[in-house]
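First residue of the sequence shown: 4, per this note's numbering; consecutive thereafter.
Below: one structure, written as structure tokens.
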Amino acid sequence: MVTDKIKELEAARAKLASLEQSIADEMKKELAGLPARFGFESVDDFVAAVKAASGGRRGRRKGRAGAAKKAGVKKAGARRRRRAVITDETRAQVKKLVDAGKTGSEIAKELKISLPSVQNIKKALGLVKER
4 MVTDKIKELE
14 AARAKLASLE
24 QSIADEMKKE
34 LAGLPARFGF
44 ESVDDFVAAV
54 KAASGGRRGR
64 RKGRAGAAKK
74 AGVKKAGARR
84 RRRAVITDET
94 RAQVKKLVDA
104 GKTGSEIAKE
114 LKISLPSVQN
124 IKKALGLVKE
134 R
């Protein structure tokens with residue numbers, strides 16, 4: 004009984020392999036016929052036309068922001084932030100606020116610096132637990 008099932012399984016695998024091969028052959032034929040089907044004389048002409056139609060890009064498309072950034076266009080109302088100057092006084096204030104129980108985002112708002120700056124100061128002062 005088991006041997007019959009094994010033979011049936013082997014026959015199914017052989018049929019599957021045969022179907023996969025026939026599908027691969029059909030796909031090759033269809034792909035090879037695409038240039039002629041669309042009126043191109045060679046595969047190279049067809050590939051060039053497909054690249055031109057897609058803008059010659061590969062991979063994911065960039066959104067509108069990527070195109071604007073590339074063209075040097077700024078978003079309406081967008082201003083570049085000034086880089087915060089971290090002084091010893093700023094570090095002392097961060098330490099004092101941490102000791103007072105303030106969160107990182109509260110400290111960042113109060114001192115008008117970014118949250119990553121607060122985190123970097125806390126790390127430098129040894130106020131952050133190691134993982």
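All C-beta atoms in this analysis are idealised placements derived from N, C-alpha and C, irrespective of residue type, glycine included.
Here Arg-85 carries a coil assignment [DSSP, helix/strand/coil].
The way I'd put it, the segment 94-102 does touch the segment 122-133; three or more beta-carbon pairs between them come closer than 8 Å. In this structure, Ser-120 places its C-beta atom within 8 Å of the C-beta atom of Ala-87. Runs of the alpha helix (DSSP H) spanning 4 or more residues and lying entirely within the segment 89-125 occur at 91-102 and 107-114, in chain order. The continuous alpha helix (DSSP H) containing Met-30 extends over residues 5-40. Between Phe-43 and Ala-52, the gap from beta carbon to beta carbon is short of 8 Å.
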